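K.L.:
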Amino acid sequence: IMQGKTSPGESMKYYKDSKSGMIFVQRGNVQAGKERSFIFMEAEPCHIFHFCNAEQTGSGNDTVIRFGAVCLPKSFNMEWQYKGFLSNTSDAPGVYHDYIADFMTRKLIRTCPAPVADRSCEFPTINPYRHVPAKSSSAPRFVYLMSGQKGIPLPFTDIVKYDTISETTVAWHSDGVVGEPVFFPRLGNASTFYGDEDDGWIITQFYRPSKHETEFLVLDAKRIQDGPVCRLKMGTEKHIPYSFHGTFCPYVFKHPSPSL
Numbered sequence: 021i022m023q024g025k026t027s028p029g030e031s032m033k034y035y036k037d038s039k040s041g042m043i044f045v046q047r048g049n050v051q052a053g054k055e056r057s058f059i060f061m062e063a064e065p066c067h068i069f070h071f072c073n074a075e076q077t078g079s080g081n082d083t084v085i086r087f088g089a090v091c092l093p094k095s096f097n098m099e100w101q102y103k104g105f106l107s108n109t110s111d112a113p114g115v116y117h118d119y120i121a122d123f124m125t126r127k128l129i130r131t132c133p134a135p136v137a138d139r140s141c142e143f144p145t146i147n148p149y150r151h152v153p154a155k156s157s158s159a160p161r162f163v164y165l166m167s168g169q170k171g172i173p174l175p176f177t178d179i180v181k182y183d184t185i186s187e188t189t190v191a192w193h194s195d196g197v198v199g200e201p202v203f204f205p206r207l208g209n210a211s212t213f214y215g216d217e218d219d220g221w222i223i224t225q226f227y228r229p230s231k232h233e234t235e236f237l238v239l240d241a242k243r244i245q246d247g248p249v250c251r252l253k254m255g256t257e258k259h260i261p262y263s264f265h266g267t268f269c270p271y272v273f274k275h276p277s278p279s280l
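Listed below in structure tokens is the structure:
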């Protein structure tokens, strides 16, 4: 890589002779003279770009951490398949999984919930104010995914809402290609303590190939299956290249020179 003979992306692949695992690093203040602790747990080989919801119960050796992630299988690589996506998603689609890390046994258990097992997906997101549950709120429950249709790895045409408690899903199917779902809490900062976890909107970039046009779609997070409640049309002359990430910000920033 340093000699320019290969790229970092080309090195992102499965190495059968290397261990696969996850490292849990202690956060917070560490007493003077003591090192920050970490725990390594072996894991079934996979590649993870994105994690989502997480919850810790217990402390010390009784700690149990539950979290979710989109896992790509051992056959994953960065081939730029069809010159249209970052990796070989058609051959190695990402699928959502739940993890349980038990600090007592040093075991990491991975399961794939049936409702999302047949959906290629990426960019899992949750209410940004529920990542770390407040004392008055519950642990993160809902996960929103950019997904392909059932059994079809690409393109990503659907927005899926997965309920981790009831293990059920609802979905909205588009007539184009969707981007990362971004959660906008209706109550802003107050969503940390008040309102339902899914009280807000999902915003996603949408591209319709048949007309070569871009829109930003707003969906009611409580009723994803009903489709957009608002469409912000950019028009065919303002097509926006397919992007990766978005994020919620509770503030408005004005540029001194708004023209592009």
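With the working numbering, letter number 179 in the sequence shown gets 199, and the count goes up by one each step, no holes. The beta carbon of each residue, even a glycine, is placed where N, CA and C say it ideally should be. Because the structure is a prediction, the values reported are computed rather than measured.
#1: Along the chain, where does the beta strand (DSSP E) containing histidine 117 start, and where does it finish?
#2: Closest by CA to aspartate 111, which one among Phe69, Thr131, Ser277 and Ser140?
#3: Does the distance from the C-beta atom of aspartate 195 to that of glycine 171 stay below 8 Å?
#4: I need the boundaries of the beta strand (DSSP E) containing valine 180, first residue and last residue.
#5: By alpha-carbon positions, which one of Ile146, Pro173, Gln169 and Val202 ends up nearest to aspartate 183?
#6: Taking the alpha-carbon positions, what's the threonine 212 to arginine 206 distance?
#7: With distances taken between CB atoms, is the gap from threonine 131 to aspartate 118 smaller than 8 Å?
#8: Could you check which residue in Glu30, Cys91, Gln51 and Ser38 has the C-alpha nearest to that of tryptophan 100?
#9: Excluding sequence positions up to five away, which residues of its chain have a Cβ less than 6 Å from the Cβ of methionine 124?
#10: Using a threshold of 8 Å, state whether the C-beta atoms of methionine 166 and proline 113 are closer than that.
#11: So histidine 67 and phenylalanine 96 are in contact, right, with Cβ under 8 Å, and what is the actual spacing, rounded?
#12: Put glutamine 225 into one of helix, strand or coil per three-state DSSP.
#13: Any heavy atom of the ligand GDP closer than 7 Å to the CB of proline 175?
#14: Measure the CB-CB distance between threonine 224 and histidine 259 and report whether it falls below 8 Å.
#15: Using the three-state DSSP reduction, which class does glutamate 62 fall into: helix, strand or coil?
#16: Compare the Cα-Cα distances from aspartate 240 to each of Phe268, Asn49 and Phe203 and report the closest residue.
#17: Using the beta-carbon count (16 or more within 10 Å), is glycine 41 buried or exposed?
#18: Within 10 Å of its beta-carbon, does serine 57 have 16 or more other beta-carbons around it, so buried, or fewer, so exposed?
#19: Using the three-state DSSP reduction, which class does lysine 242 fall into: helix, strand or coil?
P.N.:
Straight from the coordinates:
#1: Segment 115-122, the beta strand (DSSP E) holding histidine 117.
#2: Of Phe69, Thr131, Ser277 and Ser140, the residue nearest in Cα terms is Ser140.
#3: No, the Cβ-Cβ distance between aspartate 195 and glycine 171 is not below 8 Å.
#4: Looking at the DSSP string, the run of the beta strand (DSSP E) that includes valine 180 is 178-183.
#5: Between aspartate 183 and the set Ile146, Pro173, Gln169 and Val202, the nearest pair of CA atoms involves Ile146.
#6: Taking the straight line joining both Cα atoms gives about 11 Å.
#7: Taking 8 Å as the Cβ cut-off, threonine 131 and aspartate 118 qualify as a contacting pair.
#8: Comparing Cα-Cα distances from tryptophan 100 to each of Glu30, Cys91, Gln51 and Ser38, the minimum goes to Glu30.
#9: Contacts found: Asn81.
#10: The answer is no: Cβ separation not under 8 Å.
#11: In this structure, histidine 67 and phenylalanine 96 form a Cβ contact; the two beta carbons are roughly 5 Å apart against a cut-off of 8 Å.
#12: The three-state secondary structure of glutamine 225, taken from DSSP, is strand.
#13: Looking for the ligand GDP in the displayed structure turns up nothing, as the structure carries no ligands at all.
#14: No. Outside cutoff.
#15: Correct three-state label for glutamate 62: strand.
#16: For aspartate 240, the nearest C-alpha among the options comes from Phe203.
#17: By the neighbour-count rule (16 or more Cβ atoms within 10 Å), glycine 41 is not buried but exposed.
#18: Residue burial annotation: serine 57 is exposed, with fewer than 16 other C-beta atoms found within 10 angstroms of its C-beta.
#19: Under the three-state reduction of DSSP, lysine 242 is assigned to helix.
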